[in-house]
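A.B. asks: So that we are looking at the same thing, I have put the structure below in structure tokens.
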Amino acid sequence: MENWKRSAKAFFAAFTPPTFWLVAFFIIPLSLIWLYSFSTKTGVTDITLDWNLQQYARALEPLYLGIFWKSIVMAAATTAICLVVAFPVAIAIVFSKPTMRMWLLLLVILPFWTNLLIRTYALIAVLRTNGFINNGLEWIVVNADWLLSFVGLGDNRIVGPFEPLALLYNNTAVVFGLVYVSLPFMVLPLYAALDRLDRSYLEASLDLGAGHIRTFFSIVVPLALPGIASGIVITFIPAMGSYLTPDLLGGTDSQMIANVIASQFKQANNWPFGAALSFLLMYATFFALAIRAVLMRKEGRGDVR
Amino acid sequence: MSLFKRNPDPMGPLDYSRRLSLRITVAVTLFFLYAPIIGLIAFSFNDSRRNVVWRGFTTDYYVKLFNNDALMLAFANSLTIAVFTTIFSTVLGALTAYVLWRYRFPGKAIYEGGMALPIVIPEICMGVAMMVFFARIGWPSGMMWPFNLSAITIAHIAFSFPFAAIVIRARLESFNPELAECARDLGASEFQVFRDVVVPHMKPGLIAGALLAFTLSLDDFVITFFTSGPDTVTFPVKIYSMVRFSVTPEVNAASTVLILLTLVVTAFALRMQNRNNMLGSAAH
Chain A
927 MENWKRSAKA
937 FFAAFTPPTF
947 WLVAFFIIPL
957 SLIWLYSFST
967 KTGVTDITLD
977 WNLQQYARAL
987 EPLYLGIFWK
997 SIVMAAATTA
1007 ICLVVAFPVA
1017 IAIVFSKPTM
1027 RMWLLLLVIL
1037 PFWTNLLIRT
1047 YALIAVLRTN
1057 GFINNGLEWI
1067 VVNADWLLSF
1077 VGLGDNRIVG
1087 PFEPLALLYN
1097 NTAVVFGLVY
1107 VSLPFMVLPL
1117 YAALDRLDRS
1127 YLEASLDLGA
1137 GHIRTFFSIV
1147 VPLALPGIAS
1157 GIVITFIPAM
1167 GSYLTPDLLG
1177 GTDSQMIANV
1187 IASQFKQANN
1197 WPFGAALSFL
1207 LMYATFFALA
1217 IRAVLMRKEG
1227 RGDVR
Chain B
16 MSLFKRNPDP
26 MGPLDYSRRL
36 SLRITVAVTL
46 FFLYAPIIGL
56 IAFSFNDSRR
66 NVVWRGFTTD
76 YYVKLFNNDA
86 LMLAFANSLT
96 IAVFTTIFST
106 VLGALTAYVL
116 WRYRFPGKAI
126 YEGGMALPIV
136 IPEICMGVAM
146 MVFFARIGWP
156 SGMMWPFNLS
166 AITIAHIAFS
176 FPFAAIVIRA
186 RLESFNPELA
196 ECARDLGASE
206 FQVFRDVVVP
216 HMKPGLIAGA
226 LLAFTLSLDD
236 FVITFFTSGP
246 DTVTFPVKIY
256 SMVRFSVTPE
266 VNAASTVLIL
276 LTLVVTAFAL
286 RMQNRNNMLG
296 SAAH
């Protein structure tokens, strides 16, 4: 790398366009929102910047704290489920043959590249009252009843008439949808961490008489800790800020923080308050990223993406 | 796929991938990931309005799709935005990558952090920021096509080019700076060095970055949703309003078209990235 002064003209020719774009169309819009978060709404469209903290104070009201808490709980549940599901998958991928490994990795990444909206819509078709799961269950119930009628127990005497399960428009559906869209986020860092693992430690542990479960908890987990931490953070952040999943799969009480932000900017038309909420969400994101950075540095390893 | 095939060799202690329990976990996970999407694609060919049970094969909904003017306009909008986003993001991303790769300058760590910001901040925050920004500066709306798409395109470029920069920079890591030195010693100007020495080496990275920007732009919903107006509807925004309305085979057909388009672009990008040594060279 060379000092920029050695060829200042070339440096500025390359430096200026992207910097301009970043500042004009990213930093300035964000700063604008930041200023709004310290402003007061004085009319239908008038907003006065008076450097007060009332928007942040309002964000600390029980209603909004509750929504923040709910977002954190939902994202945490999503992350936990993803971790439990992704670990065996990552282990299976790491320990398979190289060609198979590439295919499995590709299969895990591929849904990533499918539109988020479409994946969420696909889940609606699975979960709704007339969806695949409820239809499958109905088929089972009806046929079970038909089989039971041969032994004189038909006409819904044992298996009652089928009631479709309410799978959609509730918190469970939102967590299900979040797990569905964020699973690859967890598999990839775990895979990267396990791939670097020195297998002789595992062999030593097994040779010395530890079982697979004990080896997993005392060797694999401690050694893969940076990857696990990384996976947790990069699954948690998008899950907490997700807008589309709770919007499409959630019910009236499953609003997450992003939905509240959106409604403040659209229906409620209270930009300063929405701005304060967005910045609180952003600070939470930065906090999570900082934790990840500290953990990564502690281990003295490279960045896992 | 040898997922369930019997292997004559005895199983070693670390052959976790050959354990039945792990194979079942992988199979169930992949089923969980793919069944909804495959179901969605399959039911776009279903000859039934209610979209519940299979009634027979038809391509009617694709015909309807192509006769739906609003949807086709949304599709054209999306493609136009994606093309402009791709061009600008690739150029800006290449310049960013080049600056970060070549130079040392004060505040570089902060600069890199700033470039990573559009990647890490929640989409909703960027969406509302863009919405407020364009409303506040009074960006003209109601211009003639395709200029009415300019606000969305600008926002798309802002979040796509840092991604392109990462991909292109990864490619630049394998560039030997002595080649550029050499060209300079032989009298090439800075621009000639960039055009004739650096860019040819960057090429796979440029293509991968361009394809990434294209798919990011084509797929984006949240940021577009907040910057689009009633007459600047993109394909995902249109699908969103259809989804809110009802679950119909048309939506399935429209989704299938978008999935197919992204798959083709992605397959191409992955090939380029493999050449780019991002996923390692053990692909085949």
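These protein sequence lines are chains A and B, in that order. Going by our numbering, the first residue of the first sequence is number 927, and it counts up by one from there. Going by our numbering, the first residue of the second sequence is number 16, and it counts up by one from there. For glycine and all other residues, C-beta sits at the position ideal for the given N, C-alpha and C.
Under 8 Å, do B/PHE283 and B/LEU231 count as touching if we go by C-beta distance?
C.D. replies: The answer is no: Cβ separation not under 8 Å.
A.B. asks: How is A/LYS1192 classed by DSSP in three states: helix, strand or coil?
C.D. replies: Of the three classes helix, strand and coil, the one that applies to A/LYS1192 here is coil, per DSSP.
A.B. asks: Could you please give the first and the last residue of the uninterrupted alpha helix (DSSP H) stretch that includes B/LYS218?
C.D. replies: Where B/LYS218 is concerned, the enclosing alpha helix (DSSP H) stretches over 214–234.
A.B. asks: What would DSSP say about B/ARG210, mapped onto helix, strand or coil?
C.D. replies: Residue state, collapsed to three classes: helix.
A.B. asks: Can you list, in chain order, the residues of its chain whose CB lies under 8 Å from that of B/SER59, leaving out five sequence neighbours each side?
C.D. replies: Cβ within range, chain order: TYR76, TYR77, PRO264, ASN267, ALA268, SER270 and THR271.
A.B. asks: Measuring only between beta-carbons, confirm whether A/ASN1096 sits less than 8 Å from chain B.
C.D. replies: Chain B contact via Cβ: absent.
A.B. asks: Evaluate B/CYS140 with the Cβ neighbour count: other Cβ atoms within 10 Å of its Cβ, from every protein chain shown; 16 or more gives buried, anything less gives exposed.
C.D. replies: Looking at its Cβ environment, which holds 16 or more other Cβ atoms inside 10 Å, B/CYS140 is buried.
A.B. asks: For B/THR218 versus B/LEU86, is the C-beta distance shorter than 8 Å?
C.D. replies: The question names Thr, but residue 218 of chain B is Lys in the sequence shown. For B/LYS218 and B/LEU86, no; Cβs fall outside 8 Å.
A.B. asks: Could you check where the alpha helix (DSSP H) with B/THR247 kicks off and where it finishes?
C.D. replies: Premise fails: B/THR247 is in no alpha helix (DSSP H) and is neither H nor E.
A.B. asks: Kindly indicate if chain B contains any beta-carbon less than 8 Å away from that of A/ARG1045.
C.D. replies: It does: the Cβ of A/ARG1045 has a partner Cβ on chain B nearer than 8 Å.
A.B. asks: Using a Cβ cut-off of 8 Å (strictly closer), state whether B/ARG186 contacts chain A.
C.D. replies: Chain A contact via Cβ: absent.
A.B. asks: Check whether the Cβ atoms of B/LEU221 and B/ILE183 lie closer than 8 Å to each other.
C.D. replies: Yes. Within cutoff.
A.B. asks: On the DSSP bridge list, what partners appear for B/TYR118?
C.D. replies: According to DSSP, which records beta bridges pairwise, B/TYR118 is partnered with A/GLU928.
A.B. asks: Could you work out which residues of chain A lie near B/PHE120, taking near to mean beta carbons separated by less than 9 Å?
C.D. replies: Per Cβ cutoff of 9 Å: ASN929, TRP930, LYS931, PHE937 and PHE941.
A.B. asks: Pick out the complete alpha helix (DSSP H) segments inside the segment 124–211 of chain B, 4 residues or longer, and give them in chain order.
C.D. replies: The qualifying runs are 138–151, 165–187, 192–200 and 205–208.
A.B. asks: For a contact defined as C-beta to C-beta under 8 Å, what are the partners of A/GLY1167 on chain E?
C.D. replies: Protein chains in the displayed structure are A and B, and chain E is not among them.
A.B. asks: Looking at the secondary structure, which residues open and close the beta strand (DSSP E) in which A/SER1271 lies?
C.D. replies: For residue 1271 of chain A there is no data in the structure shown, the boundaries of chain A being 927 and 1231.
A.B. asks: Please confirm whether B/LEU107 and B/ILE172 have their CB atoms less than 8 Å apart.
C.D. replies: Yes, Cβ-Cβ distance for B/LEU107 and B/ILE172 is below 8 Å.
A.B. asks: Going by other Cβ atoms of all chains shown within 10 Å of its Cβ, with 16 needed for buried, is A/LEU1042 buried or exposed?
C.D. replies: Classification of A/LEU1042: buried, given that the 10 Å Cβ count is 16 or more.
A.B. asks: If you follow the alpha helix (DSSP H) that A/THR1046 is part of, which residue opens it and which one closes it?
C.D. replies: Run containing A/THR1046: 1042–1053, per the alpha helix (DSSP H) assignment.
A.B. asks: Terminal residues of the continuous beta strand (DSSP E) containing A/LEU975?
C.D. replies: Looking at the DSSP string, the run of the beta strand (DSSP E) that includes A/LEU975 is 973–975.
A.B. asks: Put B/ASN61 into one of helix, strand or coil per three-state DSSP.
C.D. replies: Three-state result, B/ASN61: strand.
A.B. asks: Please check if any C-beta of chain B sits within less than 8 Å of the C-beta of A/THR1211.
C.D. replies: Closer than 8 Å to some Cβ of chain B, the Cβ of A/THR1211 qualifies, so yes.
A.B. asks: Mind the definition here: the segment 980–997 of chain A touches the segment 1197–1212 of chain A only if three or more C-beta pairs lie below 8 Å; say whether that holds.
C.D. replies: As far as the Cβ criterion goes, the segment 980–997 of chain A touches the segment 1197–1212 of chain A, which means the pair count is three or higher.
A.B. asks: Excluding five sequence neighbours on each side, which residues of the same chain lie with their C-beta closer than 6 Å to the C-beta of A/GLN1190?
C.D. replies: If we look at A/GLN1190 and ignore the five residues flanking it on each side, its Cβ neighbours are ASN1196, PHE1199 and GLY1200.
A.B. asks: Is A/ASN1069 close to the ligand GTP? I mean its beta-carbon at under 7 Å from any heavy atom of the ligand.
C.D. replies: In the structure on display, the ligand GTP does not appear, and there are no ligands present to speak of.
A.B. asks: Which residues in the same chain as A/ILE1187 place their Cβ atom closer than 6 Å to its Cβ, once the five residues preceding and following it in sequence are excluded?
C.D. replies: Hits under 6 Å: GLY1200, LEU1203 and SER1204.
A.B. asks: Could you name the residues of chain B that A/THR1040 contacts, counting a contact when the two beta carbons are closer than 7 Å?
C.D. replies: Those are ILE52, ILE274 and THR277, listed as they occur along chain B.
A.B. asks: Closer than 8 Å, CB to CB, is A/MET1222 near chain B or not?
C.D. replies: Taking Cβ atoms only, chain B never reaches closer than 8 Å to A/MET1222, which makes this a no.
A.B. asks: Using the C-alpha atoms, what's the distance from A/LEU1032 back to B/ARG286?
C.D. replies: Their backbone Cα atoms lie some 12 Å apart in a straight line.
A.B. asks: In the DSSP output, what is B/PHE72 paired with across the bridge?
C.D. replies: Its beta-bridge partners are B/ASN61.
A.B. asks: Compute the Euclidean distance between the alpha carbons of B/ILE152 and B/TYR126, then round it to the nearest angstrom.
C.D. replies: Going by the C-alpha atoms only, they are around 26 Å apart.
A.B. asks: Just to check my reading of the structure: A/ALA1099 and A/LEU1151 have Cβ atoms closer than 8 Å, yes? What is that Cβ distance to the nearest angstrom?
C.D. replies: Incorrect: roughly 32 Å between the Cβ atoms, too far for contact.
A.B. asks: Taking 8 Å as the threshold (beta carbon to beta carbon), is B/ILE238 in contact with chain A?
C.D. replies: Cβ-Cβ to chain A under 8 Å: no for B/ILE238.
A.B. asks: How about B/ARG38: is its C-beta nearer than 8 Å to some C-beta of chain A?
C.D. replies: True, the Cβ-Cβ gap to chain A drops below 8 Å.
A.B. asks: Could you tell me which chain A residues have their CB closer than 9 Å to the CB of B/ARG286, listed as they occur along the chain?
C.D. replies: The contacting residues do not exist; B/ARG286 stays about 12 Å from chain A at best.
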